[in-house]
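Structure first, commentary second.
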Amino acid sequence: MDPSAHQGQDQKDSARKDSVREDSPEREFRRLARERASEQNLVRMRSVLSVHGALRTGLRMGSIAPSDRLEESVLVRKYSVSRNAVRAALRLLVEEGVVSRAPRAGTVILCGLADVRIDNGVAWARAEDADHELVTTESRWIPSTPVTRTMLGTDSAQVHCTEMVDLLDGRPSLLYTRFCLAPGTERPSVSGGRDGSFETLFAQTYGTRIGSIDCWVEAKGADERAAAQLGVAPGTALLVKSRQIWGEDGVPREYSVTHYLASRVALTTVLEGASTHAPTVVPRVRFERGGPAAPTGPAEQGPPAHRRSVLDVHSELRAAIRGGLFRVDEQLVEDDLAREFSTSRNTVRAALAQLVDEGLIRRDRRHGTVVVVPIAELTIDNAMGWSPEDTGRHRTESISAATIPTPPIVGERLGTDCPTVSVGHFLSRRDGRPFVIYIRYSEPVEHPRPLTNETRVDFDDLFRHSYGVSLDRIETSVHAVRAGDRAAGLLGVAPGTLLLLKERLLVGEDGRAREFSHSYYVAAGVVLSTRRSASAQARAVRSAA
């Protein structure tokens with residue numbers, strides 16, 4: 343080969359290398375520009391609910407520590423949202439009493455969210471002996487009501503009522519009211535390990551082990567008496583858990599109502615072996631009218647005292663609406679309610695005023711007091727979000743769908759290191775009225791799982807078809823929160839209205855989390871229940887009853 347040809351080739355190679363070196367800054371610029379363009383194709387979310395829900399999840403899980411500072415610029419970057427959305431979400435947390443904001447101090451977390459098992463025997467999931475102190479404020483016999491008679495499976499004219507305040511680190515954290523019959527008055531209260539095992543004490547008291555624990559979760563504002571007991575302002579958000587404990591013999595032994603400060607607690611449940619094909623079906627509790635049997639109890643019970651707590655009467659009136667004792671368009675008479683619920687007309691009037699504020703009843707001189715809206719009972723351990731027989735009552739519309747950089751909390755819950763996730767915002771209507779805002783996250787797929795009301799296909803089949811595995815576990819946590827402007831507009835309520843926030847994780851049989859979601863319901867019209875029996879014997883007894 344001609345040496346001059348070699349020389350010419352070397353000169354070309356040298357020129358190419360020089361060109362690459364000279365073009366390196368330009369090529370790097372083009373690479374960054376492509377990446378930036380790619381990022382710009384990912385929608386910067388404007389959803390206040392996305393940030394708000396993620397922050398509450400992070401506080402519940404401990405991913406966000408009470409000592410952490412929530413800086414706007416950091417949150418904007420982490421959650422790929424606008425600064426306005428971050429500010430609005432932080433304002434909601436301020437209204438809920440979770441954080442405080444000041445010009446010099448910045449945004450400071452006031453306290454973490456305790457993650458409490460819904461069907462726990464004790465009020466707290468991880469109670470340390472030194473942390474909790476139960477103070478009994480009242481212990482007395484009171485007249486039974488349609489609700490307490492149904493929940494305790496009795497026609498007795500009296501039930502025993504114990505009211506307590508739980509002090510956490512010396513500060514009031516919850517109000518606890520327990521109803522039982524004579525044997526239950528001897529059961530010691532349990533606040534931590536020093537008090538003994540709840541299960542053991544239950545068995546010793548009733549002569550039977552726990553068969554099942556059924557719970558109903560709601561949200562409400564504190565009345566003046568509850569606010570004074572808890573050391574908070576009236577109207578402060580409370581997360582309310584009603585609980586019915588059954589023995590293995592199929593007999594309900596205790597009924598209780600616990601009011602938690604919503605700024606300090608989220609309630610959680612986990613269902614293993616989840617399936618909607620053959621769920622454990624427990625008939626909804628239905629309350630019936632009819633007075634108690636003639637008093638036959640021991641004389642030492644003494645004359646029953648009338649109930650003075652507006653909070654308790656309000657809870658029972660809500661339970662009566664939910665359980666069908668009071669139906670839509672039915673008129674409620676104060677004198678009748680005072681007699682049925684063994685309280686004064688003033689207490690009934692105050693409880694009814696709360697139901698008016700919640701939009702469940704209407705009061706005017708011409709029509710009196712009338713129930714206008716039912717309370718929907720939704721089973722927490724149902725992946726569909728509502729009972730199969732109610733599917734036709736729901737219609738869901740898509741608000742938005744996008745691919746976004748994976749928010750840290752969402753990535754942690756999904757257990758993914760994928761740089762992006764798909765997020766869909768939906769509004770579901772029940773009987774034509776706005777019912778729930780649903781936000782769903784998943785790893786990007788070509789065809790996201792269809793919603794159950796878009797098809798006749800069973801939820802489990804949809805899940806299996808979408809992800810190639812069957813649904814195995816459902817993890818659910820419930821919070822009480824306030825509606826911001828956007829959520830209020832979608833749900834047709836006033837800003838600041840109490841909402842129930844349900845966060846849910848769906849896990850396949852392969853152990854991989856497939857979907858993570860936040861659902862926002864108007865609290866006044868919804869109760870979330872976990873109702874399943876842990877005992878085959880109890881199930882058999884109850885189904886035969």
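Per my numbering, the very first residue in the sequence shown carries number 343; after that it's consecutive.
Note that beta-carbon positions come from the ideal geometry of N, C-alpha and C, so glycine has one too.
Since we're looking at a predicted model, the values are computed, not measured.
Worksheet entry | Separation of H860 from L847, as counted between CA atoms | The count along the sequence shown starts at 1 and reaches residue 847 at position 505. The count along the sequence shown starts at 1 and reaches residue 860 at position 518. Their Cα atoms are separated by approximately 9 Å.
Item to complete: Please say whether Y780 and F768 have beta carbons closer to each other than 9 Å?
Response: Numbered from its first residue, the sequence shown carries residue 768 at position 426. Numbered from its first residue, the sequence shown carries residue 780 at position 438. Closer than 9 Å, so yes.
Worksheet item: E377 by DSSP, collapsed to three states: which one?
Response: Position 35 of the sequence shown, counted from the first residue, corresponds to residue 377. With a pLDDT of only 44 at E377, under 50, the local geometry of the prediction cannot be trusted, and the value read off the model is given with reservation. Helix, per DSSP.
Worksheet item: Going by beta carbon distance, what residues of the same chain come within less than 6 Å of S808, once the five residues before and after it are set aside?
Response: Numbered from its first residue, the sequence shown carries residue 808 at position 466. Cβ-Cβ distances below 6 Å link S808 to R791 in the same chain, with the five nearest sequence neighbours on each side left out; the list follows chain order.
Worksheet entry | Residues near R595 in its chain [Cβ-Cβ closer than 6 Å; skip 5 each side] | Position 253 of the sequence shown holds residue 595. Y548, I587 and G589, listed in sequence order.
Discussion item. Quick check on the burial criterion: 16 or more other C-beta atoms within 10 angstroms. Buried or exposed for S770?
Written reply: Counting from one through the sequence shown, the residue named residue 770 turns up at place 428. S770 should be labelled buried.
Item to complete: Check each candidate in V423, V715, A456 and Y863 and name the one with the smallest Cα separation from S405.
Response: Residue mapping note: residue 405 aligns to position 63 of the sequence shown, counting from 1. That would be A456, whose Cα lies nearest to the Cα of S405.
Worksheet item: Between which two residues does the alpha helix (DSSP H) harbouring H807 extend?
Response: Here residue 807 corresponds to residue number 465 of the sequence shown, with the count starting at 1. It spans F801 to Y809 - the alpha helix (DSSP H) in which H807 sits, taken as one unbroken run.
Practice prompt. Measure the alpha-carbon distance for E719 versus I451 and round it to whole angstroms.
Written response: Residue 719 sits at position 377 when you count from the first residue of the sequence shown. Residue 451 sits at position 109 when you count from the first residue of the sequence shown. Cα to Cα, E719 sits roughly 33 Å from I451.
Discussion item. A693 and V652 - do their beta-carbons sit closer together than 9 Å?
Written reply: Residue 652 sits at position 310 when you count from the first residue of the sequence shown. Residue 693 sits at position 351 when you count from the first residue of the sequence shown. Here V652 is near A693, since their CB atoms are less than 9 Å apart.
Item to complete: Report the rounded CA-to-CA distance for D521 versus C503, giving the unit in angstroms.
Response: For the purposes of this step, residue 521 is taken as the residue at position 179 of the sequence shown. For the purposes of this step, residue 503 is taken as the residue at position 161 of the sequence shown. The question names Asp, but residue 521 in the sequence shown is Phe. Each residue's Cα considered, the two are about 5 Å apart.
Practice prompt. Taking 9 Å as the cut-off, decide whether the C-beta atoms of G439 and L603 are in contact.
Written response: Taking the first residue of the sequence shown as 1, we reach residue 439 at position 97. Taking the first residue of the sequence shown as 1, we reach residue 603 at position 261. Yes, the pair counts as a contact, with Cβ atoms nearer than the cut-off.
Worksheet item: Nearest-angstrom Cα distance between P716 and P761?
Response: Within the sequence shown, residue 716 is the residue found at index 374, counting from 1. Within the sequence shown, residue 761 is the residue found at index 419, counting from 1. Approximately 43 Å between the Cα atoms of the pair.
Practice prompt. Classify E413 as buried or exposed, calling it buried when 16 or more other Cβ atoms lie within 10 Å of its own Cβ.
Written response: Residue mapping note: residue 413 aligns to position 71 of the sequence shown, counting from 1. Exposed, by the Cβ-count rule.
Item to complete: Please state if the CB of E785 and the CB of V763 are separated by a distance shorter than 9 Å.
Response: Start at 1 with the first residue of the sequence shown, and residue 763 comes out as number 421. Start at 1 with the first residue of the sequence shown, and residue 785 comes out as number 443. Contact flag set, yes.
Item to complete: Between the Cα of D591 and those of G495, T872, T478 and R459, spot the shortest distance and give me the residue it belongs to.
Response: Sequence index remark: in the sequence shown, residue 591 carries index 249 (1-based). Cα-wise, what sits closest to D591 is G495.
Worksheet item: Can at least three beta-carbon pairs, one atom from the segment 556-575 and one from the segment 539-546, be found at a separation below 8 Å?
Response: Counting Cβ pairs under 8 Å, fewer than three are found: no touch.
Fill in: For S871, the three-state DSSP class (helix, strand or coil)
Position 529 of the sequence shown, counting from 1, holds the residue named residue 871. In the structure shown, S871 sits in a strand (DSSP, three-state: E or B).
Worksheet entry | Residue range of the beta strand (DSSP E) that includes V559 | For the purposes of this step, residue 559 is taken as residue 217 along the sequence shown, with counting starting at 1. First-last of the beta strand (DSSP E) with V559: I552 to G563.
Worksheet item: To which residues of the same chain is R363 closer than 8 Å at the C-beta, ignoring the five residues directly before and after it?
Response: For this step, residue 363 is matched to residue 21 along the sequence shown. With a pLDDT of only 46 at R363, under the threshold of 50, the placement of this residue in the model should not be trusted, and no figure is reported.
Worksheet item: Among C557, S422, L572 and V441, which residue has its Cα nearest to the Cα of V869?
Response: As a working mapping, residue 869 is identified with position 527 in the sequence shown. That would be C557, whose Cα lies nearest to the Cα of V869.
Item to complete: Would you please state the rounded distance, in angstroms, between the beta carbons of G454 and L401? I believe it to be under 8 Å.
Response: For the purposes of this step, residue 454 is identified with residue 112 of the sequence shown, where counting begins at 1. For the purposes of this step, residue 401 is identified with residue 59 of the sequence shown, where counting begins at 1. Correct: roughly 6 Å between the Cβ atoms.
Fill in: Nearest neighbour of V655, chosen from V599, R707, V390 and L432 [CA to CA]
Locating residue 655 in the sequence shown gives position 313, counting from the first residue. Residue V599 is the option with its Cα nearest to V655.
Item to complete: Go to V286, then tell me how far its beta strand (DSSP E) extends in each direction, as first and last residue.
Response: Outside the modelled stretch of the chain, which goes from 343 to 887, sits residue 286, for which no answer is possible.
Practice prompt. Answer with yes or no whether the minimum CB distance from G757 to chain C is below 9 Å.
Written response: Judged by its chain identifiers, the structure shown contains no chain C, having just a single protein chain.
Worksheet item: Measuring CA to CA, which of R446, V393, R411 and I460 is closest to R429?
Response: Working through the sequence shown from its first residue, we reach residue 429 at position 87. Nearest C-alpha to R429: V393.
Worksheet item: What number of angstroms, rounded off, separates the C-alpha of V849 from the C-alpha of R459?
Response: Looking up residue 849 in the sequence shown gives position 507. Looking up residue 459 in the sequence shown gives position 117. Between the alpha carbons of V849 and R459 lies a gap of roughly 19 Å.
Worksheet item: Going by C-alpha distance, which of G853, K844 and Y862 is nearest A608?
Response: Walking along the sequence shown from the start, residue 608 turns up at place 266. Among G853, K844 and Y862, the Cα nearest to that of A608 is on K844.
Item to complete: Within its chain, find whatever has a CB closer than 6 Å to the CB of R772; leave out the 5 residues flanking it on each side and keep chain order.
Response: Locating residue 772 in the sequence shown gives position 430, counting from the first residue. In its chain, beyond the 5 residues on either side, R735 and H736 have a beta carbon closer than 6 Å to the beta carbon of R772.
Worksheet entry | Where I460 falls: helix, strand or coil (DSSP) | To locate residue 460, count along the sequence shown from 1; it is residue 118. The answer is coil: DSSP assigns I460 none of H, G, I, E or B.
Worksheet item: From S871 to D706, what distance separates their C-alpha atoms?
Response: Numbered from its first residue, the sequence shown carries residue 871 at position 529. Numbered from its first residue, the sequence shown carries residue 706 at position 364. The alpha-carbon separation between S871 and D706 amounts to approximately 33 Å.
Worksheet item: When the Cα atoms are used, what is the spatial distance from R775 to D473?
Response: Residue mapping note: residue 775 aligns to position 433 of the sequence shown, counting from 1. Residue mapping note: residue 473 aligns to position 131 of the sequence shown, counting from 1. Cα to Cα, R775 sits roughly 44 Å from D473.
Worksheet entry | The beta strand (DSSP E) enclosing V450, as first and last residue numbers | Taking the first residue of the sequence shown as position 1, residue 450 is located at position 108. V450 -> beta strand (DSSP E) spans G448 to I451.
Discussion item. By the three-class DSSP mapping on this structure, what secondary structure does H789 have?
Written reply: Here residue 789 refers to the residue found at position 447 when the sequence shown is read from its first residue. Coil.
Discussion item. Given a cut-off of 9 Å on the beta-carbon distance, is the pair E817 and V559 in contact?
Written reply: In the sequence shown, residue 817 corresponds to position 475, counting from 1. In the sequence shown, residue 559 corresponds to position 217, counting from 1. No.
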